[in-house]
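Residue numbers (this note's numbering): 254 to 620.
Positions of the beta carbon are idealized from the N, C-alpha and C atoms, including for glycine.
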């Protein structure tokens, strides 16, 4: 692993600076990818942007920045994108600070900014080495998301194309799925979700599986397979549940699609069940309704539990005896159970409560 600290003047970074929607943001004579196309947009507020310029004008130090060096000799900004764009946009003459644009400054003041030295860490090494280093940087305060860290490692044509589909507020993924996904495209949440789904692994091991997928496809010419898969997931959801409700946002639709896409479902019957369950007072997880209707697993509904006072009354009425095995137990050794199961219309009311020992209740639940 090779890590080097360099002092690079603003004039060198600004050389060849270009900022446009189609090609992203580049500088350093075309050797630095400041913002790859369709990556995170410029998000600094005017006061943050102006503070960067004031820091440079006064000669105060900015925090160090981090660049990843690619095999072809070019670099990509890992951390420092917002500060670099702020500086270059000011030198370009695209905004003013306290009514002073760059051209309004004296020649000495302009030269001071051009000669201001930025502290840059260059990093190159294996993917695993770079990822370990980037994670350490993030802990130290670079505040990058997990997917941004991965993006910094697995650069290439595939990632550039993936960002085109998933990493911009107005990107295609946002257009078709903004009501179904949590997070924002510019922080790479949409890309991470799509990768987690296509790698078909649950959250516990998702980081390793996403990295494995990105490593396997890093040198592909495009990310069309990921984009087609993602469209299939969203279209499947919209077919099953054509009436959109806000509770559909954040469901792990990809995991459900991977396992149940070949099952036969009746959208009309599903909609009727959604409408019924939303009105069921025992159902406390509206989001879980959709998972339950596809998987049949009641646990996703977070059914309302019996109150402690109701449990105590049932326990006393039973004299502390489990109604299945007929043994006696302390109340904290027993669990409340629906006499008539919820799926058969049983309600969470005192008249439908019985106390069973843990073993009997869980044995019954498993049948």
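Comparing C-alpha distances from residue 475 to each of 412, 308, 329 shows the shortest one belongs to 412.
About 26 Å separates the Cβ atoms of residue 540 and residue 481, ruling out a contact at the 8 Å cut-off. Between residue 364 and the set 317, 450, 312, 332, the nearest pair of CA atoms involves 312.
Fewer than three pairs of CB atoms, one per stretch, sit closer than 8 Å, so the segment 513 to 527 makes no contact with the segment 578 to 585. Within the model, the alpha-carbon separation for residue 614 versus residue 577 is close to 9 Å.
In this model, residue 548 and residue 509 are separated by some 8 Å (Cα to Cα). If you draw a straight line from the Cα of residue 491 to the Cα of residue 308, it comes to about 50 Å. Counting only residues of its own chain and dropping the five nearest sequence neighbours on each side, residue 280 has a CB closer than 8 Å to the CB of 266, 267, 268, 269, 270, 271, 287, 337, 341. Contact annotation: residue 467 and residue 565 have beta-carbon atoms that are not nearer than 8 Å. Residue range 606 to 610 is occupied by the beta strand (DSSP E) that includes residue 608, with no alpha helix (DSSP H) assigned at that position.
Under the three-state reduction of DSSP, residue 298 is assigned to coil, being neither helix nor strand. Nearest neighbour of residue 441 by Cα position, chosen from 452, 315, 424, turns out to be 424.
Taking 8 Å as the cut-off, the beta carbon of residue 598 is found no closer than this to the beta carbon of residue 591. Between residue 612 and the set 496, 343, 579, the nearest pair of CA atoms involves 579. A residue is called buried once 16 or more other Cβ atoms fall within 10 Å of its Cβ, and residue 332 is buried on that count. Of all alpha-carbon atoms in 301, 377, 609, the one lying nearest the alpha-carbon of residue 326 is that of 377. Per DSSP, the continuous alpha helix (DSSP H) segment holding residue 539 begins and ends at 539 to 548.
Between the C-alpha atoms of residue 421 and residue 398 there is a straight-line separation of about 15 Å. For the 8 Å CB-CB criterion, residue 427 and residue 443 form a contact. Remark: C-beta atoms of residue 493 and residue 415 do not approach each other more closely than 8 Å. The C-alpha of residue 261 is placed about 15 Å away from the C-alpha of residue 334. In the DSSP assignment, the residues bridged to residue 373 are 259, 318. For residue 303, the three-state secondary structure derived from DSSP is helix. With a threshold of 16 other beta carbon atoms within 10 Å, residue 283 falls short and is exposed.
For the segment 546 to 608, the continuous beta strand (DSSP E) assignments of 3+ residues that do not extend past its boundaries occur at 587 to 591, in sequence order. Secondary structure of residue 329 (DSSP, three-state): strand. Residue 485: member of the alpha helix (DSSP H) spanning 477 to 493, first to last residue. Nearest neighbour of residue 471 by Cα position, chosen from 446, 507, 555, 408, turns out to be 408.
Residue environment analysis places residue 324 among the exposed positions, since fewer than 16 neighbouring C-beta atoms fall within 10 angstroms of its C-beta. Boundaries around residue 367 are those of the alpha helix (DSSP H), 360 to 368, since no beta strand (DSSP E) includes it.
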